[in-house]
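**Q** Under mature numbering (1 follows the signal peptide of the UniProt record, and there is no 0), the letters of the sequence shown match residues -17 to -1, 1 to 233, in that order.
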Amino acid sequence: MLLVHWLLALCASAAEEDRWWETNYKTITTIECMTTAAPMPFAIEVRHEWAPLGADRFVAMIASGLMTDLALFRVDKDFIVQTGMCGATAPGVCAQWAELFPEFPDDRPHPRLPFKDGMVSFAGGGDDSRATDFFIAYADSEFLGGSPWETPFGVVVGGMGEVVRGFYDGYGEMQPFNPAGVNQDLINEEGNAYLRREFPKLDYIKSCAIVGAPRRPVQRGSATGAMRTHSSEHPRCFIEAGVHSISNDA
């Protein structure tokens, strides 16, 4: 009899977790970003079910104030535009992100999600290498999305033509693909001072904001406000990501 009760309790717990998963990861969060390229914003729909860890990370970046004065430092109109790198020595929230949350685990690649024009993904260079860099695809691609660090977490739903395709691209690819292009190591060392000195025509993301509420409620974890996120290893394994411990103090 005790075994029966234990099994019933286990099944009830699993069903509750399934409902939690369904509620959270069918959520769509809308983000709007203003840039130096146009007077109107572009909009991203963050699809939490595509890449739960990446989606939560991106929304936390917006909420913390990280998405301010970010250079669009890699603009290849046939491939991608990349941003999100503000330099480890930059003041305030950028430095806190670089110190406290330098990298985070990969999401599982979505099995039925080809990389399309306007999709948004974090940029990485190996397993569990994602940090704050992200990119937007300028075209459908067979080469993107095959690696777990390139699992898309959103898509541009407004301003793709008017804003995103208008970012300045006169400096070409970044190094090492273009020896005269932007050097990411120097962004880490000097931040935007390097970019404004050597690449003064680059466009910037001025600010980003969450528009309204998520379309379904996002459950919080502990009393400290940490996001409760499913591990990429198993859909019923939680990790606590204390992203809301970051302050905006310089």
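Just so it is clear, CB atoms sit at the ideal spot from N, CA and C, and this is done for glycine as well. Predicted, not measured: the structure shown is a model, and the values here were computed from it.
1. State the DSSP-derived secondary structure class of V103, mapped to helix, strand or coil.
2. Under 9 angstroms, do P135 and A34 count as touching if we go by C-beta distance?
3. Assuming contact is defined by CB atoms lying nearer than 9 angstroms, are W80 and S112 in contact in what I supplied?
4. Would you call the region 112 to 121 and the region 55 to 66 in contact, with 3 or more CB pairs under 8 angstroms?
5. Which residues in the same chain have their Cβ closer than 7 angstroms to the Cβ of T115, if we skip the five residues on either side of it in sequence?
6. Let me make sure I understand the geometry here. Which of C77, P92, K184, R30 has the alpha-carbon closest to that of F150?
7. Using the C-alpha atoms, what's the distance from F25 back to G101?
8. Buried or exposed: A(-9), going by 16 or more other Cβ atoms within 10 Å of its Cβ?
9. So I14 and I193 are in contact, right, with Cβ under 8 angstroms, and what is the actual spacing, rounded?
10. Please name the residue, chosen from R148, C191, G141, that lies closest to R57 on a Cα-to-Cα basis.
11. Does the distance from the C-beta atom of A189 to that of T12 stay below 9 angstroms?
12. Could you work out which residue in M23, R30, M17 is closest to T10 when comparing CA atoms only?
13. Pick from L55, M143, G141: whose alpha carbon is nearest that of G155?
14. Output the boundary residues of the beta strand (DSSP E) element that contains Y154.
**A** Let me lay it out:
1. Translated into positions along the sequence shown, residue 103 becomes position 120. Correct three-state label for V103: strand.
2. Position 152 of the sequence shown, counted from the first residue, corresponds to residue 135. Position 51 of the sequence shown, counted from the first residue, corresponds to residue 34. Closer than 9 angstroms, so yes.
3. As a first step, residue 80 must be located in the sequence shown, where it is residue number 97. As a first step, residue 112 must be located in the sequence shown, where it is residue number 129. Contact flag unset, no.
4. yes
5. Locating residue 115 in the sequence shown gives position 132, where the first residue counts as 1. Cβ neighbours of T115 beyond the five flanking positions: M44, L49, G67, M68, W80.
6. For the purposes of this step, residue 150 is taken as residue 167 along the sequence shown, with counting starting at 1. It is K184 whose Cα lies nearest to the Cα of F150.
7. For the purposes of this step, residue 101 is taken as residue 118 along the sequence shown, with counting starting at 1. For the purposes of this step, residue 25 is taken as residue 42 along the sequence shown, with counting starting at 1. In a straight line, the C-alpha of G101 is about 11 angstroms away from that of F25.
8. By one-based count along the sequence shown, residue -9 stands at place 9. Summary for A(-9): the model assigns pLDDT 47, below 50, so the residue's position carries little reliability; its value from the coordinates is reported in the next sentence. Exposed, by the Cβ-count rule.
9. Here residue 14 refers to the residue found at position 31 of the sequence shown. Here residue 193 refers to the residue found at position 210 of the sequence shown. Indeed, because the Cβ distance is near 6 angstroms, the residues count as touching under 8 angstroms.
10. The count along the sequence shown starts at 1 and reaches residue 57 at position 74. Measuring from the Cα of R57, the nearest candidate turns out to be R148.
11. Here residue 189 corresponds to residue number 206 of the sequence shown, with the count starting at 1. Here residue 12 corresponds to residue number 29 of the sequence shown, with the count starting at 1. Checking the sequence shown, residue 189 turns out to be Lys, not Ala. No. Outside cutoff.
12. Walking along the sequence shown from the start, residue 10 turns up at place 27. Comparing Cα-Cα distances from T10 to each of M23, R30, M17, the minimum goes to R30.
13. For the purposes of this step, residue 155 is taken as residue 172 along the sequence shown, with counting starting at 1. Considering only alpha carbons, the answer is L55.
14. Counting from 1 along the sequence shown, the entry for residue 154 is found at position 171. Looking at the DSSP string, Y154 is not in any beta strand (DSSP E), and its letter there is neither H nor E.
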